[in-house]
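Read left to right, the sequence shown gives residues 100 to 391 (the numbering used here).
Even for Gly, the Cβ is constructed at its ideal location relative to N, Cα and C.
Predicted model, so just to flag it, every value in this text is computed and none were measured.
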Amino acid sequence: NPHKIEERINERTRALLPVHICGLPADMNRILAIGEKHSLPVIEDACQAWLAEYDGKKCGTLGDLGCFSFQNSKHIPSGEGGAISGNKDELMDRCFAYHNCGRPHGKSMAGMKENPVRGSNRRMTEVQAGLLLSQMGRARSDADKRLENALYLDAKLKEIPGIVPYKLSDGATRSAYHLYPFRYKAEHFDGLSRRKFMQALNAEGIPCGEGYGQQYFDGLIEEAISSRGYKRLFSEQRLNNYREELHDLPDNDLLTQEALWFYQNMLLAERSDMDDIINAVQKIYDNRKQLL
Numbered sequence: 100n101p102h103k104i105e106e107r108i109n110e111r112t113r114a115l116l117p118v119h120i121c122g123l124p125a126d127m128n129r130i131l132a133i134g135e136k137h138s139l140p141v142i143e144d145a146c147q148a149w150l151a152e153y154d155g156k157k158c159g160t161l162g163d164l165g166c167f168s169f170q171n172s173k174h175i176p177s178g179e180g181g182a183i184s185g186n187k188d189e190l191m192d193r194c195f196a197y198h199n200c201g202r203p204h205g206k207s208m209a210g211m212k213e214n215p216v217r218g219s220n221r222r223m224t225e226v227q228a229g230l231l232l233s234q235m236g237r238a239r240s241d242a243d244k245r246l247e248n249a250l251y252l253d254a255k256l257k258e259i260p261g262i263v264p265y266k267l268s269d270g271a272t273r274s275a276y277h278l279y280p281f282r283y284k285a286e287h288f289d290g291l292s293r294r295k296f297m298q299a300l301n302a303e304g305i306p307c308g309e310g311y312g313q314q315y316f317d318g319l320i321e322e323a324i325s326s327r328g329y330k331r332l333f334s335e336q337r338l339n340n341y342r343e344e345l346h347d348l349p350d351n352d353l354l355t356q357e358a359l360w361f362y363q364n365m366l367l368a369e370r371s372d373m374d375d376i377i378n379a380v381q382k383i384y385d386n387r388k389q390l391l
């Protein structure tokens, strides 16, 4: 919810980081306005949003910086790595320096000493570049295929009670559909749990994931907060306050309880395969009482 961003901004806030999750563009007009109001840069996580668009502009090009991923599950993979886009030479020169051992780069760093920033060797190999370039020719056609099949699923699945396809935010003109997310309302399936719904889909030969978990309960954040480094940097009261803030995320909690998704490779299949998905969901709904 973009309107909740301002509630969280304080003297320690340094940037806004919207995530175009599942390839669905975030509400960028509102986020950019908040960033401008508070003089905060906006860094887009467009790792799942290749060729997605907001207001006719590509995601990853709207903020001060955009981040893309070449990790193996993404639309254009090279195993690992990623790319950064931006429209300010000074920022891009700094990013380049960080990934090139901290060495100066570009006009904004002309005349600087050998290593104006701390960096490391994050340079891409030519083998990775070759893998990426070989896929560029099909990037658009794959994106069009995913979009076509996703819109078909939208039109059919929304007719089944309890299945709610995701609605694009105002201003979003194209989703990348890195994943096909939807909400599952168990009450329309007579209380059939989300897990049993997934199991029934799998029994019909339809793979399905339950989306991301709540994240802040996965142990990683608590491990960081409890580390000696954090305890030396921050007071115990501040760390405890941070823990409490993590529990005040009602929209996130509801989403993680209801969300399901189909994987992007499924959206590259044929129309008949989309019909298989629709028929499987309809079959589960029709036989929901027997599955309880």
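(message) The alpha helix (DSSP H) that contains residue 107, what's its start and end?
(response) 104-107
(request) To the nearest angstrom, report how far apart residue 166 and residue 273 are at their CA atoms. (result) 18 Å
(message) Could you check whether residue 163 and residue 185 sit closer than 8 Å to each other, using their CB atoms as the reference points?
(response) Contact flag set, yes.
(request) Using the DSSP secondary-structure output, state which residues sit across from residue 360 in a beta bridge. (result) 280, 308, per the DSSP bridge assignment.
(request) Say whether the region 372-379 touches the region 235-255, bearing in mind that this needs 3 or more beta-carbon pairs closer than 8 Å, one atom from each stretch. (result) yes
(request) Please classify residue 215: does DSSP put it in a helix, a strand, or coil? (result) coil
(message) Given this structure, state the Cα-to-Cα distance separating residue 141 from residue 130, to the nearest angstrom.
(response) 8 Å
(message) For residue 260, count the other beta carbons within 10 Å of its own beta carbon; 16 or more makes it buried, fewer makes it exposed. Which is it?
(response) exposed
(message) Tell me which residues share the same chain as residue 303 and place their Cβ nearer than 6 Å to its Cβ, disregarding the 5 neighbours each side in the sequence.
(response) Excluding positions up to five away in sequence, the list reads 379.
(request) Pull up the distance between the alpha-carbon of residue 126 and that of residue 133, whole angstroms please. (result) Using only the alpha carbons, I get a separation of about 11 Å.
(request) Go ahead and pull the three-state DSSP assignment for residue 319. (result) DSSP places residue 319 in the helix class (H, G or I) of the three-state scheme.
(message) For a quick check, are the C-beta atoms of residue 122 and residue 278 less than 8 Å apart?
(response) yes
(message) Can you tell me whether residue 280 is buried or exposed? The criterion is at least 16 other CB atoms within 10 Å of its CB, across all chains shown.
(response) With a 10 Å radius around the Cβ and a threshold of 16 neighbouring Cβ atoms, residue 280 comes out buried.
(request) Using only alpha-carbon positions, find the residue among 213, 144, 120 that is nearest to residue 363. (result) 120
(request) For residue 190, decide whether its Cβ has a neighbour in chain E, counting only Cβ atoms nearer than 8 Å. (result) Chain labels in this structure do not include chain E; a single protein chain is all it has.
(message) If you follow the alpha helix (DSSP H) that residue 259 is in, where does it begin and where does it stop?
(response) It is not in any alpha helix (DSSP H) - residue 259 carries neither H nor E in the DSSP assignment.
(request) May I have the straight-line CA-CA distance separating residue 176 from residue 233, to the nearest angstrom? (result) 11 Å
(request) Express the C-alpha separation of residue 276 and residue 358 in angstroms, rounding to a whole number. (result) 15 Å
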